[in-house]
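Undergrad:
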Amino acid sequence: MKRIFGSLILFILLIAPAISQNAPQLGKDPLSKVIAAMTLEEKVSFVVGTGMRMPGPPPSTQKQNPPDGQQGPPPPAAQQGPVVGTTEVLVDGAAGTTFAIPRLGIPAMVVADGPAGLRISPTRKNDNATYYCTAFPVGSLLASTWDRDLVNSVGKAIGNEVLEYGVDVLLGPGMNIQRNPLCGRNFEYYSEDPFLTGNIAASMVNGVESQGVGTSIKHFAANNAETNRNSLNTIVSERALREIYLEGFRIAVSQSQPWTVMSSYNLINGTMASESPDLLTMILRNDWGFKGLVMSDWFGGRNPVAQMTAGNDLLMPGNPDQKKTLINAVKEGKLDVKLLDRNIEKILTIMLQSPRFKGYKYSNKPDLKAHAAVTRQSASEGMVLLKNADNTLPFAPAVKNIAVFGNISYDLISGGTGSGDVNEAYTVSLVEGLTNDGYKVNEDIKSLYTHYLDLTKAGRPKQRSFFMTPPQIAELILNQDLINGIVEQTDAAIITIGRNAGEGRDRSKEEGDFQLTEQEKQLIREVTIGYHAKGKKAVVVLNVGGVVETVSWKDIPDAILLAWQAGQEAGNSIADILSGKVNPSGKLAITFPAVYDNVPSSATFPGKELEKPTNQQAGGMVFGRSVPAEITYEDGIYVGYRYYETFNVKPSYEFGYGLSYSTFDYSNLRLSSAKFNGKLTVSVDIKNSGNKAGKEIVQLYLTAPKGKLDKPAEELKGFAKTKLLQPGEVQTLTFTIESHNLASFDPSVSSWIADAGNYDVKIGASSKNIKLTGTFNLAKALTVGKESVALVPKEKVNEIKPK
Ligand code: BGC
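The sequence shown: position 191 = 190 (numbering that gives the first Met the number 0), numbered continuously.
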């Protein structure tokens, strides 16, 4: 016995290390050697994540696979419905991990959401420490800053939290086009315009990745609705794909080479995005030169073999069935192991850069105080002043006592729900924000609302799942005497209207969502009447992640501030604008249509169901069901302002619109040449002609000459924000126009073509408010780029065309 034991010790000491020393090691040996040393089981495990705990069922039924490769029991089948990732392995509350192979020196990478900040569990079992993250402003707000540097600085702060909490890849930014105002995830995305989207996303990626961690730009591609998101077949022309739905991703890849791309749930022209070689190999890699890895959205796709073949390198969060399928496919000769090797190499290449591979000792203590300052400042830069009659804002020095109306005033929404949510330590309320900025908030109306909210919330059933949007609480009907009494005690009123949304469900066009409710309108009306009767002002604050109807009520209040969902410092950021500490400088990255029916996709959004939902699909969770469905993008390239401007439909507030407490003069438009020769610069002088320091967002639109293809009335091809200009100060802004900016995608030759002729340069304060125009000429048509023939629809898509 002693001898056997002795030999065992000898084996452990001498032979075992020798074996592991002989095994190639990641980082020391060429990747090809490391991959060649993997068993088939290891290879397959490596391209499949280690599983996750499902939201919903009790944790006891939700064991996940340890990342060292020993399989645990399978997670519940979750091919459909909302599957917001959570894992307890390595970083509690992260969305997933990759499979570790210690004998080859391969660690597990941790990936976690999301677009408005890192989403991990704020507390852990048997641990007194907290792991709160900063809730930054949502995507819609960040895009409304039109400020690449600012978004980059937000990215740096988010990236630092990713790094310091031990996460390797952030699952964001979200960058789908806001095609229709009702998409439940619009708040996570940036804009209706791909140029703005791509530029803002690239700034975010560069900011996050400057910290030595990765990003995953998502959801690739054409994922513009949540209803039936796992089964929706998006039927869309090649031109609309290239110019609208892929263009932002193309820009982000070329300007920031993100570590990873997340493929989307939906189908595009009949093929699931994650199973599409056209999308993931031909377009993303061959046409654009993407070098990183592609991961699936959580449980996205149906056929792991097709996913591997298409170039979807990593299946997240991973489940044992996928592994079984892949092993059998290799054994049966249905999947060439070389394809697995190719995908593994992509994952390993990224892993080599990851903090976990480099052995970074994370602190679990990012500087949350410093990041709170970043979110407070960035939020105020993206708020949009929609209306400011008689310079109501900033509040005059005489305004000291303020009455705050509306439920949301006492319960600000910092961000949307689902995987785009962040577990922040606090949200600064409007009352706190106003108090911090030196105002006295009326206590009578405050206590009325706080009691009402406490009572209503206490009687509400418990949330079934954390990513369900909390039901809206009906507005109190206040009698006019009560309002009049409050008017006597105060100098001005604020009325806040709020909306929340999140993944798995689209918004509704009805009252209480896109439309304001009758009670909300009544509140705005009656409070304003009361204050006007005494010569005082009423201001509406919109605490929303996306668009709401404004035409029917916008004439009533004196001022309207679109505060968006502004992150955890929301109350401070709003107060900074209302008080004039910060001069608003945000402009709309999405059109506010006059009525929902004016939206070009309104008639068909969110698609038609091809089958009736079974009980199981409906499953009591309407928000998560997925039945075969399809949607045809008959609006083609005419999305957002491209539609409103070309088809002469008047919006309530146009793309690019936003007021300031100051005014700006535009002058001295200069083109470097009247002839286009591969590149052209455009300069313009912007002067602060008002009496308050402020910043102006300047937009460059191009109108292309008539050609074979129809063209939008104008398209955004440049934008810049001035520095803080003092009254009278002038800044010259310069834009560069490149060949690609002139071109439209012609599917008949699969190329970007710039037609010969005159191009109008329009320098605007918004898409409508064009201040200066110029012209240059392109002598001969240009073929700017040839692309793969890819994602061709099965039948011609009937699209709207201008007359
Ligand atoms: C969402 C993704 C998210 C993932 C992990 C999915 O439901 O669509 O955006 O990154 O869950 O939480």
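We treat Cβ as the ideally placed atom computed from N, Cα and C, and that holds for glycine.
For my contact list, Val207 and Gly154 are in at a C-beta cut-off of 8 Å; report their separation, rounded to the angstrom.
TA: That pair is a contact at about 4 Å.
Undergrad: So for Arg375, helix, strand or coil by DSSP?
TA: The answer is helix: DSSP assigns Arg375 an H, G or I state.
Undergrad: Who are the Cβ neighbours of Ile34 in its own chain at under 7 Å, not counting the five residues just before and after it?
TA: Once the five neighbours on either side are set aside, the close Cβ partners of Ile34 are Asp340, Ile343, Glu344.
Undergrad: Can you tell which of Val90, Leu89, Gly95, Gly104 has the C-alpha that lies nearest to the C-alpha of Ala36?
TA: Ranking Val90, Leu89, Gly95, Gly104 by Cα distance to Ala36 puts Gly104 first.
Undergrad: Return yes when at least one heavy atom of the ligand BGC lies under 6 Å from the C-beta of Asp312, else no.
TA: No - the ligand BGC has no heavy atom lying nearer than 6 Å to the Cβ of Asp312.
Undergrad: Given this structure, state the Cα-to-Cα distance separating Phe654 from Ser765, to the nearest angstrom.
TA: Rounded to the nearest angstrom, the two C-alpha atoms are 6 Å apart.
Undergrad: State the DSSP-derived secondary structure class of Thr731, mapped to helix, strand or coil.
TA: Looking at Thr731 - three-state DSSP - the assignment turns out to be strand.
Undergrad: Which value, in whole angstroms, describes the spacing of the CA atoms of Lys368 and Ile176?
TA: So the two alpha carbons sit approximately 33 Å from each other.
Undergrad: Once you ignore the five residues that flank Ala305 on each side, which residues in its own chain have a CB closer than 6 Å to its CB?
TA: If we look at Ala305 and ignore the five residues flanking it on each side, its Cβ neighbours are Glu274.
Undergrad: By how many angstroms is the C-alpha of Ile589 removed from the C-alpha of Asp192?
TA: Cα to Cα, Asp192 sits roughly 8 Å from Ile589.
Undergrad: Classify Arg459: buried if its beta carbon has 16 or more other beta carbons within 10 angstroms, exposed otherwise.
TA: Per the 10 Å Cβ criterion, exposed.
Undergrad: Beta-carbon within less than 8 Å of Leu240's beta-carbon, same chain only, minus the 5 sequence neighbours each way: which residues are those?
TA: Here the set comprises Ala220, Ala221, Ile267, Leu790.
Undergrad: Exposed or buried, which one is Asp112 when buried takes at least 16 other CB atoms within 10 Å?
TA: Burial call: buried.
Undergrad: Between the C-alpha atoms of Gly50 and Lys323, what's the straight-line distance to the nearest angstrom?
TA: Roughly 14 Å between the two C-alpha positions.
Undergrad: Buried or exposed for Lys335, please, with buried defined as at least 16 other CB atoms from any protein chain shown within 10 angstroms of its CB.
TA: Reading off the sequence shown, one finds Asp at residue 335, where the question assumed Lys. With fewer than 16 Cβ atoms within 10 Å of its Cβ, Asp335 is classed as exposed.
Undergrad: Would Ser682 and Ala569 qualify as a contact pair, given that the criterion is a beta-carbon distance under 7 Å?
TA: Cβ atoms of Ser682 and Ala569: not closer than 7 Å.
Undergrad: Can you name, in chain order, every residue of its own chain whose Cβ lies under 7 Å from the Cβ of Ile523, other than the five neighbours on each side?
TA: Once the five neighbours on either side are set aside, the close Cβ partners of Ile523 are Ile494, Val539, Trp552, Ile555, Pro556.
Undergrad: If Asn499 sits next to Thr416, beta carbons under 8 Å apart, how far is it from one beta carbon to the other, in whole angstroms?
TA: Confirmed, Cβ separation roughly 6 Å.
Undergrad: Quick one: what does DSSP say Tyr359 is sitting in, helix, strand or coil?
TA: Three-state result, Tyr359: coil.
Undergrad: Taking the alpha carbon of Glu502 as the reference point, which residue from Arg123, Cys182, Val43, Val90 has its own alpha carbon closest?
TA: When each option's Cα is compared against that of Glu502, the closest is Cys182.
Undergrad: Quick check: what's the CA-CA separation for Gln488 versus Lys439?
TA: So the alpha carbons of these two residues sit roughly 11 Å apart.
Undergrad: Taking the straight line between their C-alpha atoms, what separation do you get for Ala77 and Asp148?
TA: Confidence at Ala77 is low in this model, with a pLDDT of 33, below 50, so its placement is unreliable and the value that follows should be read with caution. Taking the straight line joining both Cα atoms gives about 40 Å.
Undergrad: Measure the alpha-carbon distance for Tyr595 versus Lys767 and round it to whole angstroms.
TA: Distance between the alpha carbons of Tyr595 and Lys767: 20 Å.
Undergrad: Given Asn23, which residues of its chain have a CB within under 7 Å of its CB, disregarding the five upstream and five downstream residues?
TA: It should be pointed out that residue 23 corresponds to Pro in this sequence rather than to Asn. Same-chain partners within the cutoff: Lys32, Val33, Ala36, Leu103.
Undergrad: If we count the other Cβ atoms within 10 Å of its Cβ and call it buried at 16 or more, is Ile476 buried or exposed?
TA: By the 10 Å Cβ count, Ile476 comes out exposed.
Undergrad: Should Leu170 be counted as a contact of the ligand BGC given a C-beta to heavy atom distance under 6 Å?
TA: Leu170: yes, Cβ under 6 Å from the ligand BGC.
Undergrad: Could you tell me if the beta carbon of Ser418 falls within a distance shorter than 6 Å of some heavy atom in the ligand BGC?
TA: Flag set: Cβ of Ser418 near the ligand BGC.
Undergrad: Our contact map puts Val697 next to Ile762 with C-beta atoms below 8 Å; I'd like the distance itself, whole angstroms only.
TA: With 8 Å as the limit, Val697 and Ile762 qualify as a contact, their Cβ atoms being about 6 Å apart.
Undergrad: Of the choices Leu454, Gln256, Asp91, whose alpha-carbon is the least far from that of Ser209?
TA: When only C-alpha atoms are compared, the closest one is Gln256.
Undergrad: Do the CB positions of Leu805 and Tyr643 come within less than 7 Å of each other?
TA: Any property of residue 805 remains undetermined from this structure, which presents the chain solely from 0 to 802.
Undergrad: Run the CB neighbour count on Gly288, radius 10 Å, all protein chains shown included, and call it buried at 16 or more, exposed below.
TA: Exposed, because fewer than 16 other Cβ atoms sit within 10 Å of the Cβ of Gly288.
Undergrad: So Ile157 is in the alpha helix (DSSP H); what residue range does that whole segment cover?
TA: Note, Ile157: alpha helix (DSSP H), 147-163.
Undergrad: Helix, strand or coil, according to DSSP, for Glu629 in the structure here?
TA: If DSSP states are grouped into helix, strand and coil, Glu629 belongs with the strands.
Undergrad: Lys694 and Ser578: beta carbons closer than 7 Å?
TA: No; because the gap between Cβ atoms is not below 7 Å, this pair is not in contact.
Undergrad: Lys686 bridges to which residues according to DSSP?
TA: Asp664, Val729, per the DSSP bridge assignment.
Undergrad: So Asp759 and Thr774 are in contact, right, with Cβ under 8 Å, and what is the actual spacing, rounded?
TA: Correct: roughly 6 Å between the Cβ atoms.
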